[in-house]
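Engineer: For reference, the structure I am asking about is given below.
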Amino acid sequence: VAQNIFLGRELIAKGILSDKDMNAEARKILEKFEIEINPETLVGDLSVSKQQLVEIARALSIDAKILIMDEPTSALTSKEINNLFAIIKRLKAQGCGIVYISHRLEELQHIVDRVMILRDGKQITSMDFAATTLSEIISYMVGREITEKYPRVKEKVGKKIFEVKNLNAGRMVRDINLSLYEGEILGIAGLMGAGRTETTRAIFGADPKESGQIFIEGEEVKIQRPLDAIKAGLVLVPEDRAKNGLCTALSVRENIALPNLDIIASQWGVVNPKKENEIVEESVQNFDIKMAGVEARADSLSGGNQQKVIVSKWLARNSKVVMFDEPTRGIDVASKVEIYEIMNDLKRQGIGVLFVSSELPEILGISDRILVMADGKITKELDVKDATQDVILTYATKFEKKID
137 VAQNIFLGRE LIAKGILSDK DMNAEARKIL EKFEIEINPE TLVGDLSVSK QQLVEIARAL
197 SIDAKILIMD EPTSALTSKE INNLFAIIKR LKAQGCGIVY ISHRLEELQH IVDRVMILRD
257 GKQITSMDFA ATTLSEIISY MVGREITEKY PRVKEKVGKK IFEVKNLNAG RMVRDINLSL
317 YEGEILGIAG LMGAGRTETT RAIFGADPKE SGQIFIEGEE VKIQRPLDAI KAGLVLVPED
377 RAKNGLCTAL SVRENIALPN LDIIASQWGV VNPKKENEIV EESVQNFDIK MAGVEARADS
437 LSGGNQQKVI VSKWLARNSK VVMFDEPTRG IDVASKVEIY EIMNDLKRQG IGVLFVSSEL
497 PEILGISDRI LVMADGKITK ELDVKDATQD VILTYATKFE KKID
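Set out below in structure tokens:
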């Protein structure tokens with residue numbers, strides 16, 4: 137952590153790098169901004185939210201006159217977000233100019249004085265924040281009026297297609313039991329560190345399990361690694377799409393084809409170009425992936441289109457259950473609605489949808505049932521009609537409040 141904070145401006149003692157001095161100074165910086173991280177920890181061992189806090193600490197430590205923050209809260213907890221807003225207000229009072237880039241429009245009211253709206257790489261308008269509304273901002277962002285922020289569809293609930301029994305995998309996945317039915321979206325809510333991501337990774341075989349059973353369409357499947365899950369029809373759209381969901385240096389075509397080589401290659405391992413092109417073109421058309429072409433690198437796409445590539449590559453092989461972990465993180469309002477519509481379409485097709493999100497409004501807006509997690513355990517199951525943000529937060533802090 138300390139080495140990241142001082143990267144490019146390392147502290148030197150007697151002609152050599154001084155880790156001792158950098159750790160001491162990093163500790164002061166982290167404490168100043170109320171960031172609870174050990175400066176000697178490897179950044180690669182931190183959660184996504186903690187990594188983001190390290191980036192913020194590094195930027196704040198430079199005492200800059202102008203600070204640009206690009207989606208700084210996308211992986212932070214409510215407490216961390218409030219702390220960041222307090223820091224921003226303090227910097228503003230000290231004369232620091234801040235450019236704050238965000239798709240989380242509800243945050244703007246807390247810190248913004250003026251707002252500039254971009255669309256397709258062009259400035260659309262600029263105005264005082266006090267003179268506009270969130271609805272007007274959204275309309276400018278997408279070029280049209282969004283009639284439904286959370287487009288829910290109602291489907292008849294069918295047979296059980298997915299079940300997890302007594303799953304245990306480390307401290308953050310303890311005795312997990314859940315069921316998923318045709319025609320529904322199952323949401324999983326909880327605070328950062330509740331064990332939601334760890335649960336999806338354990339189910340998918342990305343992390344080792346201690347015990348537990350997984351059933352798809354009534355039959356038990358043995359999942360020791362992701363390949364076992366993929367072959368069984370169980371796939372994951374991961375939390376960190378750039379790190380775990382895509383090969384960003386490869387093209388869109390290669391990203392879609394890669395997990396489907398068993399379908400597009402002969403028994404001798406030779407790829408059939410015609411079959412590959414059919415799968416890729418169909419995926420691009422079905423999900424309306426916007427790009428320069430299928431040979432464009434994955435990292436050249438917007439966040440929303442990157443998510444579409446990840447989903448499309450899995451559905452090219454007729455997957456039965458799709459787990460979405462924070463699928464709308466860091467993408468614009470219009471792309472969020474497109475992701476919701478993709479989940480709704482899967483729901484209509486009878487494909488199981490499990491949906492993890494830190495944003496309670498979208499959990500409430502899209503899910504049919506909601507599981508609440510705290511400290512690695514499911515603390516409550518709620519029908520969406522009985523759920524509110526307050527109710528979810530009550531059970532999301534159950535391990536702290538010792539609720540009966």
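Residue numbering for the sequence shown follows the working numbering, starting at 137 and increasing by one per position. C-beta: ideal position from N, C-alpha, C; glycine also.
With C-beta atoms as the reference, is LEU370 less than 8 Å away from VAL457?
Structural biologist: yes
Engineer: Given this structure, state the Cα-to-Cα distance separating ILE253 from VAL300, to the nearest angstrom.
Structural biologist: 44 Å
Engineer: Is it buried or exposed for VAL293, if we count other Cβ within 10 angstroms and need 16 for buried?
Structural biologist: exposed
Engineer: If you check the beta carbons only, do ALA85 and VAL184 fall under 8 Å apart?
Structural biologist: The structure shown does not extend to residue 85, since the chain is modelled only from 137 through 540, so no value can be given for it.
Engineer: DSSP three-state call for GLU536: helix, strand or coil?
Structural biologist: Reliability of the predicted coordinates at GLU536 is poor, the pLDDT of 45 falling under 50, and the value obtained from them is presented with this limitation in mind. Here GLU536 carries a helix assignment [DSSP, helix/strand/coil].
Engineer: In or out: ILE153 buried (at least 16 other Cβ within 10 Å) or exposed?
Structural biologist: Correcting the residue identity first, residue 153 is Leu in this sequence and not Ile. Classification of LEU153: exposed, given that the 10 Å Cβ count is below 16.
Engineer: How is PHE142 classed by DSSP in three states: helix, strand or coil?
Structural biologist: coil
Engineer: Determine the burial state of SER262: buried for a count of at least 16 other Cβ atoms within 10 Å of its Cβ, exposed for fewer.
Structural biologist: exposed
Engineer: Can you tell me whether LEU451 is buried or exposed, with buried defined as 16 or more other CB within 10 angstroms of its CB?
Structural biologist: buried
Engineer: Just verifying my parser: in three-state terms, what is the DSSP assignment at PHE265?
Structural biologist: helix
Engineer: Tell me the residue span of the alpha helix (DSSP H) that contains ILE446.
Structural biologist: 439-451
Engineer: Residues in the same chain with beta-carbon distance under 6 Å from GLU353, minus the five sequence neighbours each way, listed in chain order, please.
Structural biologist: ILE297
Engineer: Within a Cβ cutoff of 8 Å, which residues of the same chain sit near ILE467, ignoring the five residues on either side of it in sequence?
Structural biologist: Correct list, in chain order: HIS239, SER438, GLY439, GLY440, GLN443 and ILE475.
Engineer: What is the C-beta distance between GLU243 and THR268, in whole angstroms, given that I count them as a contact (C-beta under 8 Å)?
Structural biologist: Contact doesn't hold; Cβ gap of about 15 Å is too wide.
Engineer: At the 8 Å Cβ level, is THR530 part of the contact set with chain E, yes or no?
Structural biologist: Given the protein chain composition of this structure (a single chain), no chain E is represented.
Engineer: For TYR236, report the span of its beta strand (DSSP E) as first-last.
Structural biologist: 233-237
Engineer: By Cβ distance, which residues of its chain are closer than 6 Å to PHE351, with the 5 residues on each side in sequence left out?
Structural biologist: GLU299
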